[in-house]
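Notes follow once the structure below has been shown.
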Amino acid sequence: MPLVNYLTAVFEVIWQNNIFHWMALILLCVAVWGEYTAVKKYQEYVKAKSRSTAEAIDYLNSKLESGTIGSIELRQWETPANTWTLLLDWFSEHLAGEIIAGGEAYKTQIKSGRFVLFQYPTILTRSAPRSQWRFVPSILISLGVLGTFYGIQTGLQNVSLGGLQDTKELLPSISTLLEGMKTAFSTSLMGLGSSSVFIMVLAWGRSRARGLPIQFFARQIRSNCQITNSGTTIFWC
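Per our numbering, the sequence shown starts with residue 61, numbered consecutively.
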């Protein structure tokens, strides 16, 4: 188990059972869990908001495949059960046309094989919110720096400068100083290491939060449709 032995050796070098190490470890664990939970909640939010757009893309694509041109009516009975209200709201917000037949149909037009949109779905372009845990790496580094100076001060405060000529008094002072320096450097490593780990967690969360709406719709758009921006926004398949 070379990897396990290597990780164990690294842990023994970094970890010192003092308050600064425990503070950094607890903060890292809480921040990782908080970031993971926040990303999951954002994913659920985007999926809920994007449901209507995904279903509208599928339905409009099926209408274009029928080869219809000119004026067209999107009818309630053509849609899956319990989805018409959702689709009608989406049509009213994004698709050029009007509600007819008492809300049971939506009249629009296909021009040159295209549905005209007067408003682009914002879910496709909405940027991901910034993480509320983005300041944690700075705090972890600050804990490391604070622990470093604490270790140095602990080692120096018991060194007797008046006994530097006396070997018997010097050796205990050196031992105390080295023990303090050990705490100092291990705390620095703990702060920098935990900060580096959480920066990677933030990068993961950012990529997941950013990529979710793009990936979700990219699969729909690549298989069903294309979008262009030329004057009026055009939606076609």
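Where is the CB? At the ideal position from N, CA and C, for every residue including glycine.
Span separating the alpha-carbon of residue i from that of residue j
| i | j | result |
| --- | --- | --- |
| F178 | T145 | 20 Å |
| T236 | V196 | 32 Å |
| A69 | C89 | 21 Å |
| F175 | T168 | 8 Å |
| G207 | G240 | 10 Å |
| R194 | A188 | 14 Å |
| G162 | V257 | 58 Å |
| N307 | Q213 | Nothing in the structure corresponds to residue 307, since the chain is present only between 61 and 297. |
| F80 | M260 | 22 Å |
| G94 | F209 | 30 Å |
| A108 | A116 | 14 Å |
| I86 | S254 | 10 Å |
| L120 | A91 | 43 Å |
| S248 | Y66 | 20 Å |
| N289 | Y180 | Residue placement at N289 is poorly supported in this model, since its pLDDT is 47, which falls under 50; the coordinates are not used for a value here. |
| I159 | R111 | 21 Å |
| Q192 | A114 | 29 Å |
Neighbourhood of residue i by C-beta distance below 7 Å, restricted to the same chain and skipping five residues each side
| i | result |
| --- | --- |
| V99 | G265, R268, A269 |
| L252 | I201, G204 |
| T139 | Y119, L147 |
Where the beta strand (DSSP E) through residue i begins and ends
| i | result |
| --- | --- |
| S131 | 130-135 |
| T143 | Careful: T143 lies outside any beta strand (DSSP E) and carries neither H nor E. |
| A165 | 165-171 |
| I183 | Premise fails: I183 is in no beta strand (DSSP E) and is neither H nor E. |
Classification of residue i by the beta-carbon crowding that lies within 10 angstroms, buried from 16 upward
| i | result |
| --- | --- |
| Y166 | buried |
| F71 | exposed |
| A141 | exposed |
| G215 | buried |
| W150 | buried |
| L63 | exposed |
| A84 | buried |
| T300 | In the structure displayed, the chain extends from 61 to 297; residue 300 sits before or after that span and is not available. |
| I170 | buried |
| L147 | buried |
| T152 | Looking at the sequence provided, one finds Ser at residue 152 rather than Thr. S152 should be labelled exposed. |
| G130 | exposed |
Boundaries (first-last residue) of the alpha helix (DSSP H) holding residue i
| i | result |
| --- | --- |
| A69 | 62-74 |
| F175 | From DSSP, F175 is part of no alpha helix (DSSP H) but of the beta strand (DSSP E) over 174-176. |
| Y210 | 196-217 |
Own chain, CB closer than 6 Å to residue i, minus 5 neighbours either side, in chain order
| i | result |
| --- | --- |
| G134 | For the record, residue 134 in the displayed sequence is Leu; it is not Gly. Closer than 6 Å at Cβ, skipping near neighbours: Y166. |
| G157 | Y166, K167, T168 |
Neighbourhood of residue i by C-beta distance below 8 Å, restricted to the same chain and skipping five residues each side
| i | result |
| --- | --- |
| W75 | H81, S246, M250 |
| L238 | G215 |
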